[in-house]
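Participant: The structure under discussion is supplied below as structure tokens; questions concerning it will follow.
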Amino acid sequence: MDPYNEKNQSALKCIWMTAGVVNYKLCDQNFECDKCEFNRVMQGVMPSLQQHPYKHSGMDNNPLMLQYLGTILENCKIHLDRYYHSTHFWFKIEDSDTAQVGIDPLSLRTVFPVEKIILPDAGEHFQEGQLIAWIVRKDNTIPLHTPVKGEITEVNPVFLVKGWEAVQKEGNYLFKMQNPSMANDIKRLCGPIGSMDSHQAKISVLKSFLLKTIRQNQPEEEMGVTMGDGGTYEKDLENIMGKKLYRELIQVLFYKNSK
């Protein structure tokens, strides 16, 4: 009997799929998570105390920091059929010369509240490393550079009619890009499909800056907890970290590390 037929798939869902962290993953380790390389990687990617199979200790895993980090990561599902890049874009290959392109939801969550996203027009051509889009938040316009060359063949019609939030809610692409070597270029730049490297790097930076905020003796409510209103969380990282530290975070994530 094939253990991976449709009838048995629901019983074989990886714990990270069951938790809603990844879009699709079946267990091939008989649920012996301590022996699973994927589980080890995911523990580094998703260090939330609520989602973690194991507990941690030490300042680097400060409970307050982890609690708030968990709220940042909420609903930032990782799609294992996509390629993620440090420029904050994800790619889904359609054909050898065409790919869907979107923005990593974790990156958008970091710059909340986003007022709008400015995309290129269909028919425009871009070279590797060229400015291709902008994220607008408050008084900041954050540039995004394409890691691949190509022509914009389509902007998602939903984006044009309803805006970026409607696209992001469904986890869909923002635009499509084409060049003769697109698939090979993406694989060369991003590494293996479903690689967690860019997520690990971003989360490491976020942890560092949240810990800096804690070390500056910020009151607990400034770390996102409002004791009234049922313990809701502040979504704007700038309000938590302060303008100076938040500007430093944006510099690291979107200027120094976005290559």
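If you use the numbering used here, the sequence shown corresponds to residues 1 to 259, in order. Just so you know, even glycine gets a beta-carbon here, dropped at the ideal spot from N, CA and C.
Would DSSP call residue 253 helix, strand or coil?
Facilitator: Residue 253 falls in the helix class under three-state DSSP.
Participant: Return the residue from the list 199, 255 and 256 that minimises the CA-CA distance to residue 109.
Facilitator: Selected option, being the one with the closest Cα: 199.
Participant: Enumerated in chain order, which unbroken segments of the alpha helix (DSSP H) with a length of 4 residues or greater are wholly contained in the region 81 to 163?
Facilitator: 105 to 110 and 157 to 162
Participant: What is the DSSP secondary structure of residue 173, reduced to helix, strand or coil?
Facilitator: coil
Participant: I want to see whether chain B comes within less than 8 Å of residue 159, judged by CB atoms only; does it?
Facilitator: Within the model displayed, chain B is absent; a lone protein chain is all it includes.
Participant: So what's residue 29 in DSSP terms, helix, strand or just coil?
Facilitator: coil
Participant: Quick check on the burial criterion: 16 or more other C-beta atoms within 10 angstroms. Buried or exposed for residue 247?
Facilitator: exposed
Participant: What whole-angstrom Cβ distance do residue 201 and residue 152 have, given they're in contact under 8 Å?
Facilitator: Here residue 201 is actually not in contact with residue 152; their C-beta atoms are around 27 Å apart, not less than 8 Å.
Participant: With a threshold of 7 Å on Cβ separation, who are the neighbours of residue 131 within its own chain once the five nearest residues in sequence on each side are excluded?
Facilitator: 143 and 145
Participant: Does residue 216 come out as helix, strand or coil in the three-state DSSP assignment?
Facilitator: coil
Participant: Are there 16 or more other CB atoms within 10 angstroms of the CB of residue 87, so buried, or fewer, so exposed?
Facilitator: buried
Participant: Spell out the partners DSSP gives residue 200 in its beta bridges.
Facilitator: Looking at the DSSP assignment, residue 200 forms no beta bridge with any residue, so it has no partner.
Participant: Give me the Cβ distance between residue 173 and residue 242, rounded to the nearest whole Å; I'm assuming they're in contact under 8 Å.
Facilitator: With 8 Å as the limit, residue 173 and residue 242 do not qualify as a contact, their Cβ atoms being about 35 Å apart.
Participant: When you compare each of 91, 245, 194 and 93 to residue 215 by their alpha carbons, which one comes out closest?
Facilitator: 245
Participant: Taking 8 Å as the cut-off, decide whether the C-beta atoms of residue 213 and residue 240 are in contact.
Facilitator: yes
Participant: Give me the Cα-Cα distance between residue 254 and residue 94, rounded to the nearest whole angstrom.
Facilitator: Residue 254 and residue 94 have their C-alpha atoms roughly 27 Å apart.
Participant: Beta-carbon within less than 8 Å of residue 179's beta-carbon, same chain only, minus the 5 sequence neighbours each way: which residues are those?
Facilitator: 97, 148, 149, 150, 151 and 185
Participant: Report the residue from 12, 106 and 83 whose alpha carbon sits nearest the alpha carbon of residue 204.
Facilitator: 106
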